[in-house]
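Colleague: My questions will all concern the structure given below.
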Amino acid sequence: MKIQPASFNKYLKSISPQIRDTAFPLEKLHLPQLEGIQKDIVLFENTSLEDIKFMSKWFQVLNLARGCREQCTFCLRNALKPLKENSTILWDDLTRFTSGISKLNERLGFNILQGNSHITLFEDANLPVIQIKDSNDEIHSLKDAVKEIYTKLGLPIVFVTAGWNPTDKSSQQNAEELCSYISQNPDCAKEFAVSVNPFHRYNRDFYTSRIANTLKTFLPLYKTGIASILIKYNYPEGKDAQSNGYESAKSLYLEIFEKLKAMTGSSTEEFESLNPEKVTLERDDNYIENKGRGQKFFSLEAVQKNNKKLFVESFQWLTMTPEQKREFAYNYTTKNIDINGQIYLITPSEQMIETQMKLNFVNKDKKTAPIHTDIKFKKLD
Ligand code: SF4
Numbered sequence: 024m025k026i027q028p029a030s031f032n033k034y035l036k037s038i039s040p041q042i043r044d045t046a047f048p049l050e051k052l053h054l055p056q057l058e059g060i061q062k063d064i065v066l067f068e069n070t071s072l073e074d075i076k077f078m079s080k081w082f083q084v085l086n087l088a089r090g091c092r093e094q095c096t097f098c099l100r101n102a103l104k105p106l107k108e109n110s111t112i113l114w115d116d117l118t119r120f121t122s123g124i125s126k127l128n129e130r131l132g133f134n135i136l137q138g139n140s141h142i143t144l145f146e147d148a149n150l151p152v153i154q155i156k157d158s159n160d161e162i163h164s165l166k167d168a169v170k171e172i173y174t175k176l177g178l179p180i181v182f183v184t185a186g187w188n189p190t191d192k193s194s195q196q197n198a199e200e201l202c203s204y205i206s207q208n209p210d211c212a213k214e215f216a217v218s219v220n221p222f223h224r225y226n227r228d229f230y231t232s233r234i235a236n237t238l239k240t241f242l243p244l245y246k247t248g249i250a251s252i253l254i255k256y257n258y259p260e261g262k263d264a265q266s267n268g269y270e271s272a273k274s275l276y277l278e279i280f281e282k283l284k285a286m287t288g289s290s291t292e293e294f295e296s297l298n299p300e301k302v303t304l305e306r307d308d309n310y311i312e313n314k315g316r317g318q319k320f321f322s323l324e325a326v327q328k329n330n331k332k333l334f335v336e337s338f339q340w341l342t343m344t345p346e347q348k349r350e351f352a353y354n355y356t357t358k359n360i361d362i363n364g365q366i367y368l369i370t371p372s373e374q375m376i377e378t379q380m381k382l383n384f385v386n387k388d389k390k391t392a393p394i395h396t397d398i399k400f401k402k403l404d
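Numbering follows the working numbering, with no gaps: position 21 of the sequence shown is 44.
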C-alpha cells in the first residue's frame, strides 16, 4: 500500500468518529487538506476530490449495460435497442470503478458512498440477457458483477428484470447464479423485482410462459420475501386502456400465476409477494408515467401540461449561475455513471443533465447511446 504523506495522516487522525459514521462524510471535511490523496488511483486520474465529493452524494446508478431489446411500448426511459458496439460495461472498467472507490475508502478510513441507500444497475436495460466481457474477451457473470459491487462498495443493489427467453441458456444460467448468490447474501439486494405488464411485444402465450419461467427461476427469492412483482398498467381514461389497463394486467398476471403453479407443482399462494390478490390490487403507483414512450398513451393535453412543467424547470436551471447549478445538482440530482465512465445527472422530475465529468475508464473514449430525457436541460459546466 502507498505510504500517505504525513499531512494527510495528521488531518485524517483529527476526523471524529461521528464524521466518519455520518452520511456523505466528504462534505463535512476541509477537502483542500486532502486533495491529492486520490492521485495515483487510476480511476481518478484527472478527477479532483471536490468532484469525487460531488459524485458521491445521491450516487444512484452504475450502468452495467445500455439499451434494451424488450422495446416495451410504455418505457419511461424510452430505451433504444443496444448498440452493436459498446452496449455493456467492460469488466475491467467495473473492477476499476469498485477497486478505485474501495482504495480511496481504505485511505480515508470511511466509505465515501455512505448515506446512499442502494445502487441501481441499469437505466434502460434488461440485465439477465447481457454478457459482461473483459479486455481478453472472457465472459463474467451477472452474479460476479453483483458480488463485486456489493462486497467492494458496501451498498445493496436494486434490480428489475423483464425476463428472458427460456431457451436462451446463457441468460438462464446468469439468472440462476444470481438467484443463488442473493439467496446466500440476502442483504445484497434492497429491491429485486420481475416486471409484468401488457406493454410487451410478444404473443400472449409466449409472454406468460416466459414470465412464469422467470418467476420459477427466482422462486427462492419470492419464498424469502426478497423479490416482488412490479406490475404496470394504463389509467382507465388512457389510450387503449381496454387492452393495457388494470383488468388486462390483472388477467395477464393470473394466467402467468397459473402457469407458474403448473410448472412448479407447488402451492405458490403461500408466497406473499406472488399472491394474485396482493399483486393485482389496484394502486395509483402501478399506473404508467407520462414520460418517454409512455406519453403516447396520454392525451395531447396531459402531455402538453407535463411538458410545460418540465420546460419551467429547464428554464429555471438555465437561469442559474454556474455556482447555483452546481449547488442544486449536488443536493437534488442523482449521480449516474454510464458504461464509458461519463457522469450524468437525473433531476427530481427524472430529466437527464449532462456533465463534463468523466471517470478514467478504459472505454472512456467509446460512444454510448444517448440517455433519454423528455426535455433538454443545458449541460452542467
Ligand atoms: S421498460 Fe424496461 S424492459 Fe421495457 S424497454 Fe424499458 S428498459 Fe426495457
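The beta carbon of each residue, even a glycine, is placed where N, CA and C say it ideally should be.
These figures come from a predicted structure and were not determined experimentally.
Where do the ends of the alpha helix (DSSP H) carrying Lys273 lie?
Modeller: Residues Tyr269 to Thr287.
Colleague: Within the same chain, show all residues whose beta-carbon is closer than 7 Å to that of Pro299, passing over the 5 residues directly before and after it, in chain order.
Modeller: Tyr276, Leu277 and Phe280.
Colleague: Measure from the alpha carbon of Asp308 to the alpha carbon of each residue in Leu297, Phe351, Cys211 and Ile254, then state which is nearest.
Modeller: Comparing Cα positions, the closest option is Ile254.
Colleague: What are the start and end residues of each continuous alpha helix (DSSP H) run of 4 or more residues lying completely inside the stretch 330 to 401, in chain order?
Modeller: Runs of the alpha helix (DSSP H) inside the stretch 330 to 401: 345 to 355.
Colleague: Tell me, which residues are paired with Asn139 by DSSP?
Modeller: Asn139 is bridged to Gln137.
Colleague: Tell me Phe241's beta-bridge partners as DSSP assigns them.
Modeller: Looking at the DSSP assignment, Phe241 forms no beta bridge with any residue, so it has no partner.
Colleague: Helix, strand or coil for Tyr256, going by three-state DSSP, please let me know.
Modeller: Residue state, collapsed to three classes: strand.
Colleague: Please classify Leu301: does DSSP put it in a helix, a strand, or coil?
Modeller: According to the sequence as given, residue 301 is Lys; it is not Leu. In the structure shown, Lys301 sits in a helix (DSSP, three-state: H, G or I).
Colleague: Tell me the DSSP bridge mates of Thr111?
Modeller: Answer by DSSP bridge pairing, in chain order: Ala88.
Colleague: Pairing CB atoms from the stretch 244 to 252 with CB atoms from the stretch 206 to 222, are three or more of them under 8 Å?
Modeller: Because the criterion of three Cβ pairs below 8 Å is met, the stretch 244 to 252 and the stretch 206 to 222 touch.
Colleague: Around the C-beta of Val152, are 16 or more other C-beta atoms found within 10 angstroms, so that it is buried, or is it exposed?
Modeller: Counting Cβ neighbours within 10 Å, Val152 comes out buried, since at least 16 surround it.
Colleague: For Leu374, tell me which candidate among Asn354, Phe384 and Glu336 has the shortest Cα-Cα distance.
Modeller: In the sequence as presented, Leu is not what sits at residue 374; that position holds Gln. It is Glu336 whose Cα lies nearest to the Cα of Gln374.
Colleague: Should Ala29 be labelled buried (16 or more other beta-carbon atoms within 10 Å of its own) or exposed?
Modeller: Label assigned to Ala29: exposed.
Colleague: How is the beta strand (DSSP E) around Lys213 delimited, first residue to last?
Modeller: Ala212 to Val219 is the span of the beta strand (DSSP E), which, as asked, contains Lys213.
Colleague: Does the beta-carbon of Gln94, which I'm using as the reference point, lie nearer than 7 Å to any heavy atom of the ligand SF4?
Modeller: Within the cutoff, so yes.
Colleague: Given this structure, state the Cα-to-Cα distance separating Ile162 from Ile38, to the nearest angstrom.
Modeller: Distance between the alpha carbons of Ile162 and Ile38 is about 42 Å.
Colleague: Is Ala102 close to the ligand SF4? I mean its beta-carbon at under 7 Å from any heavy atom of the ligand.
Modeller: Yes, the beta carbon of Ala102 sits closer than 7 Å to at least one heavy atom of the ligand SF4.
Colleague: Could you check whether the Cβ of Asn109 sits closer than 7 Å to any heavy atom belonging to the ligand SF4?
Modeller: False, no ligand heavy atom lies under 7 Å from that Cβ.
Colleague: Which residue from Lys156, Arg306 and Ala198 puts its Cα closest to that of Leu113?
Modeller: For the residues Lys156, Arg306 and Ala198, the minimum Cα distance to Leu113 belongs to Lys156.
Colleague: Go ahead and pull the three-state DSSP assignment for Tyr225.
Modeller: Three-state result, Tyr225: coil.
Colleague: In chain order, what residues of the same chain lie with their CB nearer than 8 Å to the CB of Glu93, ignoring the 5 residues before and after it?
Modeller: These residues qualify, in order along the chain: Ala102, Asn149, Ala185, His223 and Arg224.
Colleague: Taking the alpha carbon of Ser71 as the reference point, which residue from Gln83, Val84 and Leu57 has its own alpha carbon closest?
Modeller: Comparing Cα-Cα distances from Ser71 to each of Gln83, Val84 and Leu57, the minimum goes to Leu57.
Colleague: Identify which residue in Asn363, Asn197, Ser266 and Lys389 has its Cα closest to the Cα of Lys166.
Modeller: Ranking the options by Cα distance to Lys166, first place goes to Asn197.
Colleague: Buried or exposed: Tyr355, going by 16 or more other Cβ atoms within 10 Å of its Cβ?
Modeller: Label assigned to Tyr355: exposed.
Colleague: For Gly315, count neighbouring Cβ atoms within 10 angstroms of its own Cβ and tell me buried if that reaches 16, exposed if not.
Modeller: Burial call: buried.
Colleague: Leaving out the 5 sequence neighbours to the left and right, which residues in its chain are closer than 8 Å to Pro209 when beta-carbon positions are compared?
Modeller: Result list for Pro209: Thr247 and Ile249, in chain order.
Colleague: Within 7 Å: the Cβ of Ala148 and any heavy atom of the ligand SF4?
Modeller: Checking every heavy atom of the ligand SF4 against the Cβ of Ala148, one is found closer than 7 Å.
Colleague: Contact defined as beta carbons within less than 8 Å: I believe Thr378 pairs with Ile366. What is the distance between those atoms, to the nearest angstrom?
Modeller: The Cβ separation is near 5 Å, so the contact holds.
Colleague: At the level of alpha carbons, what is the spacing between Val326 and Ile42?
Modeller: So the alpha carbons of these two residues sit roughly 45 Å apart.
Colleague: Using three-state DSSP, classify Ser251 as helix, strand or coil.
Modeller: In the structure shown, Ser251 sits in a strand (DSSP, three-state: E or B).
Colleague: Please state whether DSSP places Lys156 in a helix, a strand or coil.
Modeller: In this structure, Lys156 counts as strand in the three-state DSSP scheme.
Colleague: Can Asn86 and Asp263 be called in contact, C-beta distance under 8 Å?
Modeller: Contact flag unset, no.
Colleague: In whole angstroms, give me the CA-to-CA distance for Ile60 and Leu117.
Modeller: Distance between the alpha carbons of Ile60 and Leu117 is about 22 Å.
Colleague: Report the option in Lys390, Leu176 and Ile398 whose CA atom is closest to the CA atom of Leu106.
Modeller: That would be Lys390, whose Cα lies nearest to the Cα of Leu106.
Colleague: In angstroms, rounded to a whole number, what distance separates the CA positions of Lys239 and Met286?
Modeller: Approximately 8 Å, taken between the alpha carbons.
Colleague: With a threshold of 7 Å (Cβ to nearest heavy atom), would Ala185 be considered close to the ligand SF4?
Modeller: The answer is yes for Ala185.
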